[in-house]
Amino acid sequence: MRMAYTVSVLGAGSWGTALATVAARRDHRVYLWGRRQEQVEHMFQTRKNPDYLRDYNLPQAIIPTCDMERAVQEADLIIAVVASVGMRDMINQLSDVYYSPTPIVSATKGLEPETHMRMTEVIAEEMDCDVTEFLCSLSGPNFADEIVRGLPAGTVIASEHEEHAIFAQKLMTGTELRVYTTDDLIGVELGGALKNIYAIGAGIADGMDLGYNVQATMITRGLAELTRMGIRKGAHPLTFSGLSGLGDMVLTCTSDLSRNRRTGLALGQGKTAAEVMDSKETVEGIRATRAAKQMADKHKVEMPIIEQLHNVLFDGKDPAEAIEQLMKRAAKTEREDEFVAATRSFMDESGDTFSK
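So the working numbering is basically just the index in the sequence shown, starting at one, shifted up by 7.
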């Protein structure tokens, strides 16, 4: 007989609601924490989230609350899923009531704008106690709407300590969500954060009606850029061929369910950057673009797509001009791309080998 656990989901947005649903369907008791009293009261009374996934009824196993201590005091697993810009403040609240060594899974796909820190780095820095061993990250090609509808999907949980990733996998794996594990925390978090940027680029190209070829080019060359940065930051290059890399990149770049892609579509159809940034929806790719550009400059990593998207979003550059400049870059041999060379070097140093 499967043992039921208590899962605490901190963040009552679309993805938080979906992950709470996944846990509830596994027969766990689930606390869904939201910071706004009126939202929580509405969920408690109507079993609907008034702001996200409004047509979906919350399972009875989900207990909405805005009391952080109540949400986590009995938790066997904590899932942090708020916007990257709000992660530090939320973790500061968690730190005051975190009494036992409980695994903490970040399910936020983003970078802290000012520091460029990954979400698990923010959590580790903000907690009063050392939680480094207990940190995990969940990322993959997952849309909240499809998850709550019970449609099948795959995702990955990363932790540098295998037992915590396996524990989270055990709690969250079900018929609608197949969970894999990895020890590459850096790669999984960078893949989840940076793919949002390329989804904006893919949306721009589609909004300009530039065809399917450019979509495929955006995905593959974006993956090359992402891998270059990942290797520079210490990630395993093959992580970017998995669910949190290529899988999430394809999904986010090609589906209009993606907020980041929709943002790009609006830009490609003539809206200004100021107009799309005024949206009430959280568009992690906009924040990530600024952070990624600064990271690329700091580490001297070549990321031309991100450079041009940064120019469009923050410097008022016309999208057509940005695409023209990308197309006019000096010709290269793909096999000699520096990210391939860096990957081979990484494999040699780690003892891994490529098949001949």
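Where a beta carbon is used, it is the ideal one built from N, C-alpha and C, also for glycine.
Just so you know, these numbers come straight off a predicted model, no measurement behind them.
Look at the Cβ atom of residue i, then the Cβ atom of residue j, and state whether they are nearer than 8 Å.
i	j	result
Glu128	Arg95	no
Arg239	His317	no
Tyr59	Ser15	no
Leu201	Leu233	yes
Ile207	Gly323	no
Met75	Leu101	yes
Tyr12	Leu178	yes
Ser91	Arg268	no
Ala209	Met225	yes
Leu197	Gly237	yes
Thr259	Val290	no
Pro148	Leu250	yes
Gln301	Gln315	no
Would you tell me roughly how many angstroms separate the C-alpha atoms of residue i and residue j, rounded to the nearest one?
i	j	result
Asp255	Ile312	18 Å
Val37	Ala27	6 Å
Met8	Arg32	Low confidence applies here, because Met8 scores a pLDDT of 46, under 50, leaving its location unreliable; read the following figure in that light. When rounded, the distance between both Cα atoms is 15 Å.
Leu136	Leu272	In the sequence as presented, Leu is not what sits at residue 136; that position holds Cys. So the alpha carbons of these two residues sit roughly 44 Å apart.
Trp40	Met97	11 Å
Tyr106	Gln80	8 Å
Ala387	Arg235	In this structure the chain extends from 8 to 363, so residue 387 is not present and cannot be described.
Thr368	Ala337	Outside the shown range of the chain, which is 8 to 363, sits residue 368, and nothing can be said about it.
Glu195	Gly157	The amino acid occupying residue 195 in the given sequence is Val; Glu does not appear at that position. About 24 Å.
Thr189	Phe150	21 Å
Arg54	Gln46	11 Å
Ala299	Met284	18 Å
Pro66	Ala82	18 Å
His168	Phe141	7 Å
Met334	Asp103	52 Å
Under a three-way DSSP split, which group does residue i fall into?
i	result
Val92	helix
Gly161	strand
Asp325	coil
Ala131	helix
Lys177	helix
Lys240	helix
Ala231	helix
Arg77	helix
Met145	Inspection of the sequence shows that residue 145 is occupied by Leu rather than by Met. Three-state result, Leu145: strand.
Val16	strand
Val186	strand
Val112	strand
Thr122	coil
Thr24	helix
Leu217	coil
Thr340	coil
Ala87	strand
query = Do three or more CB pairs link the region 74-87 to the region 99-113 at distances below 8 Å?
reply = yes
query = Contact between the region 271-283 and the region 159-175: three or more CB pairs below 8 Å?
reply = no
message = At 4 residues or longer, what runs of the alpha helix (DSSP H) sit wholly inside the region 256-323?
response = 266-275, 280-284, 291-306 and 311-322
query = Does the region 45-65 come close enough to the region 185-201 to have 3 or more Cβ pairs within less than 8 Å?
reply = no
request  = Taking 8 Å as the threshold, find out whether the region 216-228 comes into contact with the region 183-191 through three or more Cβ pairs.
outcome  = no
Alpha helix (DSSP H) segments (min. 4 residues) lying fully within the region 33-63 = 44-53
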